[in-house]
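**Student:**
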Amino acid sequence: MSKVKKIVSFFLLILVVFGLSGCKGDSVANENIAERLETEPVITWGVKYDTRLFGMMNIETRVVEGFDIDIAKAITKEILGDEGRAEFVEVTSKTRIPLLKNGNIDGIIATMTITSERLEQVDFSDIYFDAGQSLLVEKGSHIDSVENLTADDTILVVKGSTSAINIREHAPEANILELENYAEAFTALQSGQGDAMTTDNAILLGMASENDNYGLVGGTFTTEPYGIAINKGQEDFLNEVDGALRKMHDNGTYDKIYDKWFPNESVGKAAKGAKFND
Ligand code: GLU
Numbered sequence: 262m263s264k265v266k267k268i269v270s271f272f273l274l275i276l277v278v279f280g281l282s283g284c285k286g287d288s289v290a291n292e293n294i295a296e297r298l299e300t301e302p303v304i305t306w307g308v309k310y311d312t313r314l315f316g317m318m319n320i321e322t323r324v325v326e327g328f329d330i331d332i333a334k335a336i337t338k339e340i341l342g343d344e345g346r347a348e349f350v351e352v353t354s355k356t357r358i359p360l361l362k363n364g365n366i367d368g369i370i371a372t373m374t375i376t377s378e379r380l381e382q383v384d385f386s387d388i389y390f391d392a393g394q395s396l397l398v399e400k401g402s403h404i405d406s407v408e409n410l411t412a413d414d415t416i417l418v419v420k421g422s423t424s425a426i427n428i429r430e431h432a433p434e435a436n437i438l439e440l441e442n443y444a445e446a447f448t449a450l451q452s453g454q455g456d457a458m459t460t461d462n463a464i465l466l467g468m469a470s471e472n473d474n475y476g477l478v479g480g481t482f483t484t485e486p487y488g489i490a491i492n493k494g495q496e497d498f499l500n501e502v503d504g505a506l507r508k509m510h511d512n513g514t515y516d517k518i519y520d521k522w523f524p525n526e527s528v529g530k531a532a533k534g535a536k537f538n539d
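Add 261 to the 1-based position in the sequence shown for this note's numbering, that's all there is to it.
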């Protein structure tokens with residue numbers, strides 16, 4: 262290679278390297294969401310598609326429905342006005358943080374408990390729902406509380422959930438079988454692959470309402486305050502989300518959505534501006 266060619270190749274290489282690192286800086290995961298929303302009024306939310314009452318795909322209408330979905334739509338409207346659009350991407354308990362970190366979604370509204378461990382990876386909004394972990398069993402089951410689970414019992418949980426961690430602390434003897442998502446876990450319970458299923462009471466209530474043969478037992482043995490997860494470094498967007506939630510408490514939207522999904526329950530209603538404290 263001639264000297265001139267070598268010099269030209271060297272400068273081309275520098276250009277490519279800087280060009281690529283420039284792209285990385287502007288990648289979706291690093292962009293300022295609040296700024297993007299000024300020109301592009303669409304917020305992409307990660308939501309559950311298989312969790313009755315919170316985020317469930319209606320197979321007839323192909324529309325996802327639930328408390329989390331209505332909260333997402335109302336927040337989008339508060340932030341962007343009537344022109345704004347909420348888009349939904351399916352997440353599971355296991356995939357939600359990676360999808361947020363990769364920039365595939367702007368926020369997670371998916372029955373997600375705020376915990377100190379998760380706060381090391383993502384930021385959370387004010388608490389928007391208060392759940393607690395419980396057990397779902399077939400009626401007539403020998404299990405009536407977390408305390409009497411033994412090495413003969415198999416408990417079904419979902420990967421990536423706090424429930425999977427908590428049950429190991431509360432029932433160290435029990436066998437734990439981990440499934441990918443809530444639809445699979447409930448199917449496993451119905452087909453006798455486990456003696457009980459455990460997760461948040463509000464999620465289990467949705468399953469019990471689907472099948473009379475199953476019921477919750479033993480009350481709750483943890484607290485599970487739900488928050489909306491936003492990537493770190495998105496303080497402006499996080500403030501917009503918290504501002505929207507507070508407005509929804511003031512103007513009655515929050516109560517309306519709550520009453521729509523939990524008309525006969527006293528579970529879960531969160532107070533305006535409720536903060537997580539460890
Ligand atoms: N709220 C619990 C959690 O965040 C259980 C529900 C879920 O898996 O999304 O892990």
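The beta carbon of each residue, even a glycine, is placed where N, CA and C say it ideally should be.
Please indicate yes or no: does the CB of Val325 lie closer than 8 Å to some heavy atom of ligand 1?
**Tutor:** Checking the Cβ of Val325 against ligand 1 gives no.
**Student:** Do you know offhand how far Trp522's Cα is from Tyr515's?
**Tutor:** If I take the Cα positions, the gap works out to 11 Å.
**Student:** When you compare the CB positions of Leu396 and Met458, do they come within less than 9 Å of one another, or not?
**Tutor:** Taking 9 Å as the Cβ cut-off, Leu396 and Met458 qualify as a contacting pair.
**Student:** Identify every run of the beta strand (DSSP E) within the stretch 316-356, keeping only runs that are complete inside it and at least 3 residues long; order them along the chain.
**Tutor:** Segments of the beta strand (DSSP E) lying fully in the stretch 316-356: 316-319, 324-326 and 346-351.
**Student:** What is the rounded straight-line gap between the Cα of Thr305 and the Cα of Ala333?
**Tutor:** Going from the Cα of Thr305 to the Cα of Ala333 covers about 9 Å.
**Student:** What are the residues that DSSP puts in a beta bridge with Ser395?
**Tutor:** Answer by DSSP bridge pairing, in chain order: Thr460.
**Student:** Let's see if you can read the secondary structure: which residues bound the beta strand (DSSP E) around Glu439?
**Tutor:** Here the beta strand (DSSP E) through Glu439 covers Asn436 to Leu440.
**Student:** Name the two residues that bound the continuous beta strand (DSSP E) containing Phe385.
**Tutor:** Unbroken beta strand (DSSP E) run through Phe385: Val383 to Phe385.
**Student:** With a threshold of 8 Å (Cβ to nearest heavy atom), would Gly480 be considered close to ligand 1?
**Tutor:** No, the beta carbon of Gly480 sits no closer than 8 Å to any heavy atom of ligand 1.
**Student:** Looking at the structure shown, is Pro486 part of a helix, part of a strand, or coil, going by DSSP?
**Tutor:** Residue state, collapsed to three classes: strand.
**Student:** For Asn538, tell me which candidate among Asp367, Ile388, Glu321 and Glu348 has the shortest Cα-Cα distance.
**Tutor:** Nearest option by C-alpha distance: Ile388.
**Student:** So, is Ala425 buried or exposed, given that buried needs 16 or more other C-beta atoms within 10 angstroms?
**Tutor:** Burial call: buried.
**Student:** Should the stretch 333-344 be called in touch with the stretch 399-411, which here means at least 3 C-beta pairs below 8 Å?
**Tutor:** As far as the Cβ criterion goes, the stretch 333-344 does not touch the stretch 399-411, which means the pair count is below three.
**Student:** Looking at the structure shown, is Leu417 part of a helix, part of a strand, or coil, going by DSSP?
**Tutor:** Three-state DSSP puts Leu417 in a strand.
**Student:** Quick check on this structure: which residue in Gly368, Glu344, Pro302 and Arg313 has the alpha carbon closest to the alpha carbon of Val502?
**Tutor:** When only C-alpha atoms are compared, the closest one is Gly368.
**Student:** Pop quiz: Leu440 and Val419 are said to be a contact at Cβ under 8 Å. What is the actual Cβ separation, rounded to whole angstroms?
**Tutor:** The pair is a contact, with the Cβ atoms about 6 Å apart (cut-off 8 Å).
**Student:** Given this structure, state the Cα-to-Cα distance separating Val324 from Gly316, to the nearest angstrom.
**Tutor:** Their Cα atoms are separated by approximately 10 Å.
**Student:** Do Val528 and Leu466 have their beta-carbon atoms positioned less than 9 Å apart in this structure?
**Tutor:** A contact, by the Cβ cut-off of 9 Å.
**Student:** Just checking Thr484 against ligand 1 - is the residue's beta carbon closer than 8 Å to any of the ligand's heavy atoms?
**Tutor:** It does not: the Cβ of Thr484 is nowhere closer than 8 Å to a heavy atom of ligand 1.
**Student:** Answer with buried or exposed for Asp456, where buried requires no fewer than 16 other C-beta atoms within 10 angstroms of its C-beta.
**Tutor:** Under this definition Asp456 is a buried residue.
**Student:** Tell me which same chain residues have a C-beta within less than 6 Å of the C-beta of Asp331, skipping the five on either side of it?
**Tutor:** Excluding sequence neighbours, Asp331 sits near Ile518.
**Student:** Output the boundary residues of the alpha helix (DSSP H) element that contains Leu506.
**Tutor:** Segment Glu496 to Asp511, the alpha helix (DSSP H) holding Leu506.
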